[in-house]
Each structure stands twice: as C-alpha cells, then as structure tokens.
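*Asks:*
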Amino acid sequence: VIRGPSRNLIIDTGLDNDDCHEAMARYIGTLEIDLRNTDFLITHLHRDHFGLVSKLVTDTSKILFNKTEFDFLRSEKNLENIFSYTLGKGFPKKDLPTSFSRRPLRKVIMKIAPKIEIVKEGDTVHVGQYRFKCVFTPGHSWGHMCLYEPNRKFLVAGDHILDDITPGIQCHSDDANPLKQYLTSLRKVEKMDIALVLPGHKKLFKDHKHRIQTIQKHHDIRLNEVLRILKDGPMNAYQIASKMVWDMNGEQFHRASNVQRWFATSEALAHIRYLEEEGRVIKNVLDTKGKTPDTYQLSVEQVHANGEQEE
Ligand SMILES: [Zn+2]
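Reminder that position 109 of the sequence shown reads as 111 in my numbering, one-by-one numbering, no gaps.
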C-alpha cells in the first residue's frame with residue numbers, strides 16, 4: 003500500500019477467497035485506508051495478484067493494468083486454448099486442472115472492465131511524494147509490469163524477481179518464447195540502479211544483481227537438464243517434465259496434484275521452446291489435429307556438440 007495525501011495506491015490484491023478478503027479488510031482498517039480514495043495497480047494476471055481486486059474496488063477507484071493481459075482475459079476462449087495446447091504436448095486429458103474453469107477470471111475482468119486504465123512501459127504513476135515509472139518485464143507472464151521509484155530507487159517487482167523462490171515461467175503457445183522474454187527482462191532490470199526490491203511474495207531484499215545472476219544460473223541448469231533427458235531419444239513435453247527434478251513438497255512427479263503437474267509441464271515447455279528456437283531441439287509434429295502429442299528430440303547440431311563434449 004502506498005499512502006498519499008489525497009489518494010492511495012494498492013499494488014496487487016491477493017486471491018479472491020474469504021481468508022484473503024478478511025486479511026485485506028483487517029489491514030486496510032489498521033492502516034485507516036479509505037478504499038474510496040484508493041486506486042489499484044495489478045502487476046500481472048495471476049489470480050494471487052489480481053483475484054481480489056473486484057471485491058475491493060469502489061465507484062471512485064481505478065485499476066491500472068497492462069493491455070496484453072487485459073485483452074487475453076477478455077477473450078472468450080483463453081482457458082480452452084491453453085488447455086488444448088498442453089493436451090497436444092502430452093498432458094493427460096483426465097488430469098486437466100478443472101478448478102481453473104470453476105472460477106473463471108473472465109467473469110472478474112468483465113465486472114471491473116470499466117474501471118481499468120491501461121498502463122504501458124515508461125508511464126508514470128503519481129502517488130503523493132512518489133513517482134513510479136512503469137517497467138514492462140514480460141516473461142513470468144506476457145504483460146508483467148514492475149514499478150520503479152527513481153528518487154528512492156526502489157523496485158516494486160511483482161513476480162519478476164523474488165528472493166528465495168524462482169518465479170515460474172510457463173509456456174502456453176508455440177508462437178511464444180517466454181523464457182527468452184524473461185531472460186531479456188532480467189537483463190533489463192539488472193542494469194537498473196535499485197536500492198530495495200519489494201517483491202510480490204516473501205521478504206524484501208537489496209542485492210538485485212546477485213539475485214538475478216542466481217536465477218539466470220537456475221535456468222541454465224534447467225536447459226541442460228532438458229538436453230540431458232533428450233539424450234535418451236524423442237519424447238513429448240509431459241514425458242520430459244516427468245523426468246525433470248521438481249520441488250513438490252517431497253512428492254514424486256507422478257504422485258503430485260494435477261495442478262502441480264500441469265504447471266510443471268508448462269514450465270518444462272518454456273525451456274523446451276527456448277532450446278527449439280536456439281536450434282538445439284527439434285519438434286516433431288506427429289498429428290496436425292493434436293491427437294498424438296508432439297515429440298521433441300536433440301537437433302543434429304546438438305548431438306554433434308554432445309559428441310565433441312564427450313571426446
Ligand atoms: Zn505470478
């Protein structure tokens with residue numbers, strides 16, 4: 003919450019469930035924030051950042067949001083398209099996380115659409131003594147937006163960089179390369195002069211450059227893991243995901259929940275797509291109607307590079 007003399011700004015709102023609503027109401031009360039004098043900025047479309055806004059917004063509030071994700075959430079078939087993409091990559095149909103469609107975000111967005119004001123890279127959001135610059139940082143999601151205060155040098159990071167968890171990178175289309183976008187956004191933020199990071203989860207931190215280097219290394223390790231798995235021959239993305247190492251509260255991949263396996267498959271796909279665009283992995287389309295999942299294999303160049311490494 004950024005408090006201003008006439009208007010306040012709340013950045014991200016939490017999940018749309020009773021526990022979050024209660025906690026928010028309690029803290030808004032403690033801080034004596036009048037929601038009628040409060041606007042909202044949503045860093046990105048994920049439910050844990052965006053979900054509750056429809057219950058907090060008042061007639062005199064506005065909601066600042068990015069255009070890419072506003073358009074996506076308003077589109078009729080957003081979830082259907084994402085589901086059919088993962089099915090075409092080997093995710094079992096019976097395991098699709100149906101909980102996503104029970105409370106569709108489209109309903110939320112249609113309700114609040116008149117309150118939304120689009121913000122883009124370079125726009126300034128004034129709140130009292132603060133001037134926040136919008137910094138477009140796609141990767142964790144398509145339209146992710148951070149806020150930077152140049153005088154105080156703090157970065158409101160959303161889920162772009164977090165201190166002790168690695169932000170998830172999910173791929174939902176073969177036209178996208180979210181990991182490449184994410185690594186580009188990391189380099190952009192790495193160059194900035196930042197004294198304090200205020201992330202969307204867990205604790206505040208200072209040394210953003212060191213944290214970014216650790217996240218970059220993590221993705222390097224993941225990319226090499228996919229290459230190593232594919233040495234065993236062609237397989238689909240779900241099979242690749244099942245062989246990767248995941249931190250799932252001690253659960254094995256096959257015993258993890260549908261939602262966890264679905265996110266793991268989308269995360270594996272982000273790494274596979276990156277390697278595909280680099281020419282290190284090739285996609286085999288076995289059925290244009292998507293009934294038999296696409297498989298992936300190492301490219302001739304990559305097999306050759308592996309051979310040289312082993313020599
Ligand atoms: Zn997120």
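Even for Gly, the Cβ is constructed at its ideal location relative to N, Cα and C.
Predicted model, so just to flag it, every value in this text is computed and none were measured.
1. Under a Cβ-count criterion, where at least 16 other Cβ atoms within 10 Å of its own Cβ denotes burial, should Leu43 be classed as buried or exposed?
2. By the 10 Å Cβ neighbour count, where 16 or more other Cβ atoms means buried, how is Gln311 classified, buried or exposed?
3. Given a cut-off of 8 Å on the beta-carbon distance, is the pair His146 and Thr15 in contact?
4. On the criterion of 16 or more Cβ atoms from any shown chain inside 10 Å, does Gln172 qualify as buried, or is it exposed?
5. What distance in whole Å lies between the Cβ atoms of Ser63 and Asp41, which are believed to be in contact at a cut-off of 8 Å?
6. If you measure from each CB to the nearest heavy atom of ligand 1 and keep those under 5 Å, what residues do you get, in chain order?
7. Give the DSSP-derived three-state secondary structure of His128 in the structure shown.
8. Return helix, strand or coil for Leu300, following the three-state DSSP convention.
9. Check Glu192 in the structure and name its three-state DSSP category.
10. Could you say which of Glu82, Ala239, His256 lies nearest to Gly92 if we only look at CA atoms?
11. Span of the beta strand (DSSP E) holding Lys285?
12. Taking DSSP as the reference, what is the three-state secondary structure of Ile118?
13. Would you call the CB atoms of Ile163 and His203 closer than 8 Å?
14. Is the Cβ-Cβ distance between Val228 and Ile242 less than 8 Å?
15. Since Ile120 and Phe72 are thought to touch, with beta carbons under 8 Å apart, how far apart are those beta carbons, to the nearest angstrom?
16. Starting from Phe42, follow the alpha helix (DSSP H) in both directions and report where the run begins and ends.
17. Please state the DSSP three-state secondary structure of Lys208.
18. By DSSP's criteria, Val2 is part of a beta bridge. Which residues make up the other side?
19. Run through the region 43-122 for me and flag every whole alpha helix (DSSP H) of 4 or more residues, listed as ranges in chain order.
20. Thinking C-alpha only, which one of Lys182, Asn153, Glu280 is nearest Pro140?
21. Please report how far the alpha carbon of Ala266 lies from the alpha carbon of Phe255, in whole angstroms.
22. Are the CB atoms of Val199 and Leu225 nearer to each other than 8 Å?
23. Compute the beta-carbon to beta-carbon distance between Leu58 and Val127, rounded to the nearest angstrom, for a pair I have assumed lies under 8 Å.
24. If you drop the 5 nearest sequence neighbours on each side, which residues of the same chain put their C-beta closer than 6 Å to that of Gln262?
25. Could you give the first and the last residue of the continuous beta strand (DSSP E) run that contains Ile13?
26. Can you give me the C-alpha to C-alpha distance between Glu278 and Lys233, rounded to a whole angstrom?
27. Spatial neighbours of Phe134 within its chain, please: CB distance less than 6 Å, with the 5 preceding and 5 following residues excluded, ordered by chain position.
28. Among Lys219, Thr88, Met26, Gly160, which has the Cα closest to the Cα of Leu271?
29. Could you tell me the alpha carbon to alpha carbon distance between Arg154 and Tyr29, rounded to whole angstroms?
*Replies:* Checking against the coordinates, here is how it stands:
1. To locate residue 43, count along the sequence shown from 1; it is residue 41. So Leu43 ends up on the buried side.
2. For the purposes of this step, residue 311 is taken as the residue at position 309 of the sequence shown. Per the 10 Å Cβ criterion, exposed.
3. Reading the sequence shown from its first residue, position 144 is the one you call residue 146. Reading the sequence shown from its first residue, position 13 is the one you call residue 15. No, Cβ-Cβ distance for His146 and Thr15 is not below 8 Å.
4. Walking along the sequence shown from the start, residue 172 turns up at place 170. Classification for Gln172: buried.
5. Counting from one through the sequence shown, the residue named residue 41 turns up at place 39. Counting from one through the sequence shown, the residue named residue 63 turns up at place 61. Correct: roughly 5 Å between the Cβ atoms.
6. Going along the chain, the residues that qualify are His48, Asp161.
7. Indexing the sequence shown from 1 puts residue 128 at position 126. The answer is strand: DSSP assigns His128 an E or B state.
8. If you number the sequence shown from 1, residue 300 lands on position 298. Under the three-state reduction of DSSP output, Leu300 falls in the strand class.
9. Sequence index remark: in the sequence shown, residue 192 carries index 190 (1-based). Secondary structure of Glu192 (DSSP, three-state): helix.
10. On the sequence shown, residue 92 is found 90 positions in, with the first residue counted as 1. For the residues Glu82, Ala239, His256, the minimum Cα distance to Gly92 belongs to Ala239.
11. As a first step, residue 285 must be located in the sequence shown, where it is residue number 283. It spans 283-286 - the beta strand (DSSP E) in which Lys285 sits, taken as one unbroken run.
12. In the sequence shown, the residue the question calls residue 118 occupies position 116. If DSSP states are grouped into helix, strand and coil, Ile118 belongs with the strands.
13. To locate residue 163, count along the sequence shown from 1; it is residue 161. To locate residue 203, count along the sequence shown from 1; it is residue 201. Taking 8 Å as the cut-off, the beta carbon of Ile163 is found no closer than this to the beta carbon of His203.
14. For the purposes of this step, residue 228 is taken as residue 226 along the sequence shown, with counting starting at 1. For the purposes of this step, residue 242 is taken as residue 240 along the sequence shown, with counting starting at 1. Yes. Within cutoff.
15. What you label residue 120 is simply residue 118 of the sequence shown in a count that begins at 1. What you label residue 72 is simply residue 70 of the sequence shown in a count that begins at 1. The pair is a contact, with the Cβ atoms about 7 Å apart (cut-off 8 Å).
16. The count along the sequence shown starts at 1 and reaches residue 42 at position 40. It is not in any alpha helix (DSSP H) - Phe42 instead sits in the beta strand (DSSP E) that spans 40-43.
17. Within the sequence shown, residue 208 is the residue found at index 206, counting from 1. If DSSP states are grouped into helix, strand and coil, Lys208 belongs with coil.
18. The displayed coordinates of the chain run from 3 to 313. Any statement about residue 2 would go beyond what the structure contains.
19. 49-52, 55-58, 69-76, 80-89, 101-104, 107-114
20. Here residue 140 is taken as the residue at index 138 of the sequence shown, counted from 1. A check of alpha carbon separations from Pro140 across Lys182, Asn153, Glu280 identifies Lys182 as the nearest.
21. The residue labelled residue 266 in the question sits at position 264 within the sequence shown. The residue labelled residue 255 in the question sits at position 253 within the sequence shown. Here the alpha carbon of Ala266 sits roughly 9 Å from the alpha carbon of Phe255.
22. In the sequence shown, the residue the question calls residue 199 occupies position 197. In the sequence shown, the residue the question calls residue 225 occupies position 223. No.
23. Stepping through the sequence shown from its first residue, residue 58 is reached at position 56. Stepping through the sequence shown from its first residue, residue 127 is reached at position 125. Rounded, the Cβ-Cβ distance is 18 Å, inconsistent with contact.
24. Numbered from 1 along the sequence shown, position 260 holds the residue referred to as residue 262. Met250, listed in sequence order.
25. Within the sequence shown, residue 13 is the residue found at index 11, counting from 1. Residues 10-13.
26. The residue given as residue 278 occupies position 276 in the sequence shown. The residue given as residue 233 occupies position 231 in the sequence shown. Rounded to the nearest angstrom, the two C-alpha atoms are 15 Å apart.
27. On the sequence shown, position 132 is the one that residue 134 refers to. Correct list, in chain order: Val127, Leu149, Glu151.
28. Start at 1 with the first residue of the sequence shown, and residue 271 comes out as number 269. Answer by Cα proximity: Thr88.
29. The residue you call residue 154 lines up with position 152 of the sequence shown. The residue you call residue 29 lines up with position 27 of the sequence shown. Approximately 25 Å, taken between the alpha carbons.
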